[in-house]
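As they're listed, the protein sequences go chains A and B.
Heads up: take any position in the first sequence, counting from 1, add 8, and you land on this note's numbering.
Heads up: take any position in the second sequence, counting from 1, add 8, and you land on this note's numbering.
Cβ atoms here follow ideal geometry from the backbone N, Cα and C, with glycine treated the same way.
Protein chains: 2
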Amino acid sequence: MTNKTRERILHAASTLMEARGYNQVPVKEIAELAGVSEMTIFRHFETKMGILEALIQQQSYIPYFEHYFQTSLTFDVKKDLTDIAHQYLLYMNQNKVIFLISIQERGNLPELSNLITEANTNQLQSLLASYFDQLIEKGILKPFHSESQALIFLTTMFGYFVTTTISINHFLQDQQKMFIENYVETFLYGATM
Amino acid sequence: MTNKTRERILHAASTLMEARGYNQVPVKEIAELAGVSEMTIFRHFETKMGILEALIQQQSYIPYFEHYFQTSLTFDVKKDLTDIAHQYLLYMNQNKVIFLISIQERGNLPELSNLITEANTNQLQSLLASYFDQLIEKGILKPFHSESQALIFLTTMFGYFVTTTISINHFLQDQQKMFIENYVETFLYGATM
DNA sequence: TATGTTTGTTAGTGATAACTAACATTTTAA
DNA sequence: TTAAAATGTTAGTTATCACTAACAAACATA
């Protein structure tokens, strides 16, 4: 039962903190939603911060983008970029709670922001850039600065992620496919005639 | 002296809240930075929320993008888009504190998010879309769905804004010019040969 | 059944922070 | 100079909340 209790607590914490952040969710309320007593939480996690740390442990799964880039590329640019965009959003949505809390607690836990931005930019960006470099060599892409273009591509997807994350219904989740489709098209072929 | 005191308080509050948000900044600390006593703050603003409201009043200047679109367009697409991007970032940076707090307080003050996203998407997006429509008619742009393309363009700039806002030095401020330059280029002419 | 493990209950501690009250001091302007 | 307005000081109230202690109840498993 211990394990299920722990999961219920983490799930409750995640739900509440996604909506209201870390500081604004009292432990008592997490306990209520999880259907356990407050004491149980402290016995499991010691401190409130312990809950957050467990959440980070549980949610910030660092995907092997390396693996993806080594195995799943087809060098059909359109297909690849579309897929990368979806993969990226999948990853970011899994880290949504942590992302939101990292903004909120940026004063207290600056390391948290890095968890997101590290993987976000550093890792993915350089992988994407070297993919672009390969395409440049193949004569498919223009000989631009690949790092800059990777940054542009990921920045757009990041903007999409943030928009869907902070505003409830600003644009709907099932518009995602269309957004990516349109964006990849423009990114590759431009808006001009 | 009243006016200067008020300004000093608001300035101190803005500085501290930009770094650490609303809840995590005690009134006492705002008083210290402003060089006034805590009582003075309460005499000026009644409650802590009063400070935030005054900040919103002061900072969320809603720019007349309409005016801009009516007067400053040259229909040199590259030039226009570059300029629009800069204008947009200027606007967002003026609302930076409010943007950050709106994420943090999204549980308590959901209306706040709208201040940003309203002007952000609704107003600017449709203005940009109709600009695109004109360019499509002129045969300069492809006959795509203008709203979608406007969304893409603004989403990228929004992503850039959020990145520079939440991570201290993720990419530097003076890279802005280059980022916009690169992005406009790719947006217009695409990444492929 | 017996025993150890997990959970519940209750009452309380200590820290923080928003906000108030009352009075003293300084500053401003006529 | 003098009165009013603005600010400072201090001491305290109240509420919230993380966290603890001690004991009781439920539960699991051997």
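Min CB distance residue i to chain B below 7 Å
i, result
"A93(A)", "no"
"Y168(A)", "yes"
"L132(A)", "no"
"S175(A)", "yes"
"K185(A)", "no"
"K56(A)", "no"
"A27(A)", "yes"
"G115(A)", "yes"
"S121(A)", "yes"
"T164(A)", "yes"
"T23(A)", "no"
"T90(A)", "no"
"T125(A)", "yes"
Proximity winner among the options, relative to residue i (alpha-carbon distances)
i, options, result
"F77(B)", "I188(B), L135(B) and S154(B)", "L135(B)"
"I174(A)", "N11(A), G29(A) and E15(A)", "G29(A)"
"K185(A)", "E145(A), S45(A), A93(A) and F73(A)", "A93(A)"
"H75(B)", "Q66(B), Q95(B) and K87(B)", "Q95(B)"
"N31(A)", "T200(A), M57(A) and A39(A)", "M57(A)"
"F195(A)", "F161(B), V170(B) and D182(B)", "F161(B)"
"K36(B)", "A21(B), S110(B) and E26(B)", "A21(B)"
"I109(B)", "L89(B), Q67(B), F73(B) and Y72(B)", "Q67(B)"
"E40(B)", "T13(B), A158(B) and K104(B)", "T13(B)"
"K146(A)", "F83(A), S121(A), L159(A) and F50(A)", "F83(A)"
"L159(B)", "Y72(A), L120(A), N190(A) and E113(A)", "N190(A)"
"L123(A)", "D91(A), P151(A) and I64(A)", "I64(A)"
"T23(B)", "I59(B), H52(B), R51(B) and A199(B)", "I59(B)"
"R114(A)", "P151(B), V33(B) and K150(B)", "V33(B)"
"Y139(A)", "T79(A), D182(A) and F107(A)", "T79(A)"
Any chain A beta carbon closer than 7 Å to residue i
i, result
"Q112(B)", "yes"
"I64(B)", "no"
"F195(B)", "yes"
"Q32(B)", "yes"
"N190(B)", "yes"
"I160(B)", "yes"
"M211(B)", "Given that chain B is displayed from residue 9 to residue 201, the structure contains no residue 211(B) and the question cannot be resolved."
"G198(B)", "yes"
"K104(B)", "no"
"L149(B)", "yes"
"S156(B)", "yes"
Rounded C-alpha distance that separates residue i from residue j
i, j, result
"T55(B)", "T48(B)", "11 Å"
"N116(A)", "Q133(B)", "35 Å"
"S156(B)", "A137(B)", "8 Å"
"V192(B)", "T125(A)", "24 Å"
"A42(A)", "I70(B)", "43 Å"
"T7(B)", "H153(A)", "Past the edges of chain B, shown from 9 to 201, lies residue 7(B), and the structure says nothing about it."
"I38(B)", "L81(A)", "53 Å"
"Y228(A)", "I188(A)", "Here chain A comprises residues numbered 9 to 201, so residue 228(A) is not present and cannot be evaluated."
"V44(A)", "E26(A)", "20 Å"
"K86(B)", "L18(B)", "39 Å"
"P118(A)", "L89(B)", "34 Å"
"N130(B)", "D141(B)", "16 Å"
"A62(A)", "N11(A)", "13 Å"
"M201(B)", "V105(A)", "40 Å"
"Q112(A)", "F53(A)", "21 Å"
"F50(B)", "A199(B)", "56 Å"
"P151(A)", "E46(B)", "59 Å"
"L143(B)", "L149(B)", "6 Å"
"R16(A)", "L120(A)", "23 Å"
Residue i - containing alpha helix (DSSP H), residue span
i, result
"N103(B)", "Looking at the DSSP string, N103(B) is not in any alpha helix (DSSP H), and its letter there is neither H nor E."
"R51(B)", "E46 to F53"
"K185(B)", "Q184 to Y197"
"D141(B)", "L132 to E145"
"L73(B)", "Going by the sequence as given, residue 73(B) is Phe instead of Leu. It spans F73 to T79 - the alpha helix (DSSP H) in which F73(B) sits, taken as one unbroken run."
"M57(B)", "K56 to Q67"
"V35(A)", "V35 to A42"
"T171(B)", "S154 to I174"
"L120(A)", "P118 to T125"
Q. Looking at C-beta atoms only, is the number of pairs between the stretch 96 to 104 of chain B and the stretch 166 to 175 of chain B that lie closer than 8 Å three or more?
A. yes
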